[in-house]
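Student:
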Amino acid sequence: MSVPHEFTPEYVNANSPKEALLYADFFTSGEPWKSIFANNPWLRPPDTTKPLEFSDGQYWDTTIGRKHPYWSQYDLPQPTKEIHQMRADLREWGFCLIEDALSGDQCKRFYERLWEQSEGERAAGVAYDSPTGQMVNTLVNKGRCFGQCIEQDPAGVQAGPVIEQIMDETLGPGWICHSFLAIGSDPGGYPQGLHIDQGPLLPWMTAEAPALVNTMYIPQDVDEVNGGTLVIPGSHRILIEAGNAGEVGQLPPAINLEAPAGTVMLFDGRLLHGTGTNRSERRRYVAVMSNVKAWMRTQENWVVSVASDVLAEASPKLKHRMGFSALTYGATIEGFGLGARGQAGDVFGDIEPFRAAVDSGTYERIRELSPDSPREDLERSYTVQVAMDRVKAAREAGRQ
Numbered sequence: 131m132s133v134p135h136e137f138t139p140e141y142v143n144a145n146s147p148k149e150a151l152l153y154a155d156f157f158t159s160g161e162p163w164k165s166i167f168a169n170n171p172w173l174r175p176p177d178t179t180k181p182l183e184f185s186d187g188q189y190w191d192t193t194i195g196r197k198h199p200y201w202s203q204y205d206l207p208q209p210t211k212e213i214h215q216m217r218a219d220l221r222e223w224g225f226c227l228i229e230d231a232l233s234g235d236q237c238k239r240f241y242e243r244l245w246e247q248s249e250g251e252r253a254a255g256v257a258y259d260s261p262t263g264q265m266v267n268t269l270v271n272k273g274r275c276f277g278q279c280i281e282q283d284p285a286g287v288q289a290g291p292v293i294e295q296i297m298d299e300t301l302g303p304g305w306i307c308h309s310f311l312a313i314g315s316d317p318g319g320y321p322q323g324l325h326i327d328q329g330p331l332l333p334w335m336t337a338e339a340p341a342l343v344n345t346m347y348i349p350q351d352v353d354e355v356n357g358g359t360l361v362i363p364g365s366h367r368i369l370i371e372a373g374n375a376g377e378v379g380q381l382p383p384a385i386n387l388e389a390p391a392g393t394v395m396l397f398d399g400r401l402l403h404g405t406g407t408n409r410s411e412r413r414r415y416v417a418v419m420s421n422v423k424a425w426m427r428t429q430e431n432w433v434v435s436v437a438s439d440v441l442a443e444a445s446p447k448l449k450h451r452m453g454f455s456a457l458t459y460g461a462t463i464e465g466f467g468l469g470a471r472g473q474a475g476d477v478f479g480d481i482e483p484f485r486a487a488v489d490s491g492t493y494e495r496i497r498e499l500s501p502d503s504p505r506e507d508l509e510r511s512y513t514v515q516v517a518m519d520r521v522k523a524a525r526e527a528g529r530q
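Each residue of the sequence shown is one higher than the one before, starting from 131 at the first, in my numbering.
1. Rounded to whole angstroms, what's the CA-CA distance from residue 341 to residue 397? Just pull it up for me.
2. Report the option in 438, 142, 133 and 167 whose CA atom is closest to the CA atom of residue 378.
3. Taking the DSSP output, what are the residues bridged to residue 344?
4. State the DSSP-derived secondary structure class of residue 496, mapped to helix, strand or coil.
5. Look at the alpha carbon of residue 196 and the alpha carbon of residue 450, and state the distance between them as a whole number of angstroms.
6. Quick check on residue 281: buried or exposed, where buried means 16 or more other Cβ atoms within 10 Å of its Cβ?
7. Skipping 5 residues on each side, what residues in its chain have a beta carbon closer than 6 Å to that of residue 266?
8. Pairs of beta-carbons, one from the stretch 312 to 325 and one from the stretch 403 to 411, closer than 8 Å: are there three or more?
9. By how many angstroms is the C-alpha of residue 245 removed from the C-alpha of residue 416?
10. Can you grab the Cα-Cα spacing for the pair residue 408 / residue 142, in whole Å?
11. Going by DSSP, which residues form a beta bridge with residue 81?
12. DSSP state of residue 362, grouped into three classes?
13. Scan the stretch 165 to 246 and note each continuous beta strand (DSSP E) run of 3 residues or more that stays entirely inside, going in chain order.
14. Once DSSP output is grouped into helix, strand and coil, what is the label at residue 466?
15. Considering only the beta carbon of each residue, do residue 477 and residue 524 sit closer than 8 Å?
16. Under 7 Å from any heavy atom of the ligand MN, does the C-beta of residue 478 make it?
17. Tell me, please, whether the stretch 285 to 296 touches the stretch 220 to 229 by the rule of three or more beta-carbon pairs shorter than 8 Å.
18. Over what stretch of residues does the alpha helix (DSSP H) that includes residue 355 continue unbroken?
19. Is it true that the CB of residue 463 sits closer than 8 Å to the CB of residue 514?
20. Is the separation between the beta-carbon of residue 130 and that of residue 161 shorter than 8 Å?
21. The alpha helix (DSSP H) that contains residue 334, what's its start and end?
22. Is it buried or exposed for residue 272, if we count other Cβ within 10 angstroms and need 16 for buried?
So, in structure tokens, the structure goes:
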């Protein structure tokens with residue numbers, strides 16, 4: 131029995147001109163980025179193949195709020211222990227700063243474990259370097275203090291009850307951790323392009339509450355010298371006002387975050403922000419935990435439930451539809467997939483080798499490391515590095 135002509139790819143393509151497509155104008159609007167860059171050319175990210183320049187008022191060439199000629203006239207968020215002030219700051223400015231969220235001992239333990247881990251991963255040859263600096267992924271595997279932060283255990287983060295309350299109010303009870311990783315700003319590194327962390331929803335813009343809220347742990351003093359996080363205060367409200375696929379006009383300037391060690395910054399997923407430029411002589415770390423509503427994942431956990439033989443015979447399209455194609459905002463594993471396109475057949479995002487390693491009992495996760503770790507740990511064949519080498523080989527072979 132022949133397939134009806136109307137179901138053939140040729141017929142479907144011939145009858146799908148751009149003007150006939152559902153929601154075409156909405157999904158191809160390019161907003162809000164199209165208008166943001168048109169009206170704010172100083173927000174264009176730098177070319178990471180060229181030396182970074184500090185001129186022409188680019189967003190990374192800035193300072194902290196109290197020193198900024200524009201922002202110094204405003205009462206921007208300051209570290210506070212008062213929950214009512216946190217609520218007001220988060221609503222008005224898109225972020226709030228929790229004073230002494232980590233006690234002195236908690237902050238010291240957090241920072242030392244993070245720094246040891248970054249140096250250990252460097253020694254083991256598995257350091258994850260980005261244009262901004264070294265990142266440390268999947269923190270939950272790399273120290274008990276990090277797991278305590280995810281569950282807001284007061285033993286690890288003394289402000290845990292306050293953080294949980296604010297999260298419940300913004301995301302609703304039952305929210306989950308989307309990711310938890312440390313972002314390094316290395317001396318001489320590049321700034322991140324300013325972005326919003328609920329960007330995957332674009333061109334939709336949630337009008338009331340955010341769909342994502344970040345908890346950022348600050349284990350060392352940050353300022354304009356060592357690459358304090360760049361933010362445009364109140365930019366979340368500008369994007370809300372623009373609405374779904376709406377145009378954005380001129381934006382106020384960006385500033386570097388200023389905060390002492392032990393502060394936790396909560397910020398709205400619609401706030402424009404990015405890693406700052408480090409002009410000191412030592413790497414600066416913050417650790418960012420993104421949180422989302424519990425339903426923002428596949429209903430079926432295909433990565434676990436699909437049978438090995440079914441997966442082995444699956445086409446690239448089927449594997450993609452089941453979530454085996456990672457992309458920056460979803461399904462990354464130990465940093466693998468950050469920067470991937472999330473498309474069928476994309477080697478950089480193919481997480482099937484990780485599932486195969488789990489099935490065979492050979493998955494080697496990066497655990498707690500330091501430069502003084504046993505040689506066998508520093509020389510271990512870690513699964514994520516094997517996957518990265520596979521991507522490198524594919525690129526060199528011209529398949530990517």
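Glycine included, each C-beta is placed from N, C-alpha and C at the ideal position.
Tutor: With the structure as the only source:
1. Residue 341 sits at position 211 when you count from the first residue of the sequence shown. Residue 397 sits at position 267 when you count from the first residue of the sequence shown. Cα-Cα distance, rounded: 12 Å.
2. Reading the sequence shown from its first residue, position 248 is the one you call residue 378. Residue 167 is the option with its Cα nearest to residue 378.
3. Indexing the sequence shown from 1 puts residue 344 at position 214. Paired residue(s): 397 and 420.
4. As a working mapping, residue 496 is identified with position 366 in the sequence shown. Here residue 496 sits in coil by DSSP.
5. For the purposes of this step, residue 196 is taken as residue 66 along the sequence shown, with counting starting at 1. For the purposes of this step, residue 450 is taken as residue 320 along the sequence shown, with counting starting at 1. Taking the straight line joining both Cα atoms gives about 48 Å.
6. Residue numbering aside, residue 281 sits at position 151 when the sequence shown is read from its first letter. Classification for residue 281: exposed.
7. By one-based count along the sequence shown, residue 266 stands at place 136. Cβ within range, chain order: 247, 248 and 312.
8. yes
9. As a working note, residue 416 is residue 286 in the sequence shown. As a working note, residue 245 is residue 115 in the sequence shown. Straight-line Cα distance between these residues: approximately 11 Å.
10. Reading the sequence shown from its first residue, position 278 is the one you call residue 408. Reading the sequence shown from its first residue, position 12 is the one you call residue 142. So the alpha carbons of these two residues sit roughly 52 Å apart.
11. This structure gives no information on residue 81, because the portion of the chain shown stretches from 131 to 530.
12. Working through the sequence shown from its first residue, we reach residue 362 at position 232. Residue 362: coil per DSSP, three-state reduction.
13. 225 to 228
14. Indexing the sequence shown from 1 puts residue 466 at position 336. Strand.
15. Your numbering for residue 477 matches position 347 in the sequence shown. Your numbering for residue 524 matches position 394 in the sequence shown. For residue 477 and residue 524, yes; Cβs fall inside 8 Å.
16. With respect to the ligand MN, the structure shown offers nothing to examine, as it has no ligands at all.
17. yes
18. Position 225 of the sequence shown, counted from the first residue, corresponds to residue 355. Per DSSP, residue 355 belongs to no alpha helix (DSSP H) and is neither H nor E.
19. For this step, residue 514 is matched to residue 384 along the sequence shown. For this step, residue 463 is matched to residue 333 along the sequence shown. Taking 8 Å as the Cβ cut-off, residue 514 and residue 463 qualify as a contacting pair.
20. As shown, the chain starts at 131 and ends at 530. That puts residue 130 outside it, with no answer to give.
21. Position 204 of the sequence shown, counted from the start, is the residue given in the question as residue 334. No alpha helix (DSSP H) contains residue 334, which DSSP labels as neither H nor E.
22. Taking the first residue of the sequence shown as 1, we reach residue 272 at position 142. Burial call: buried.
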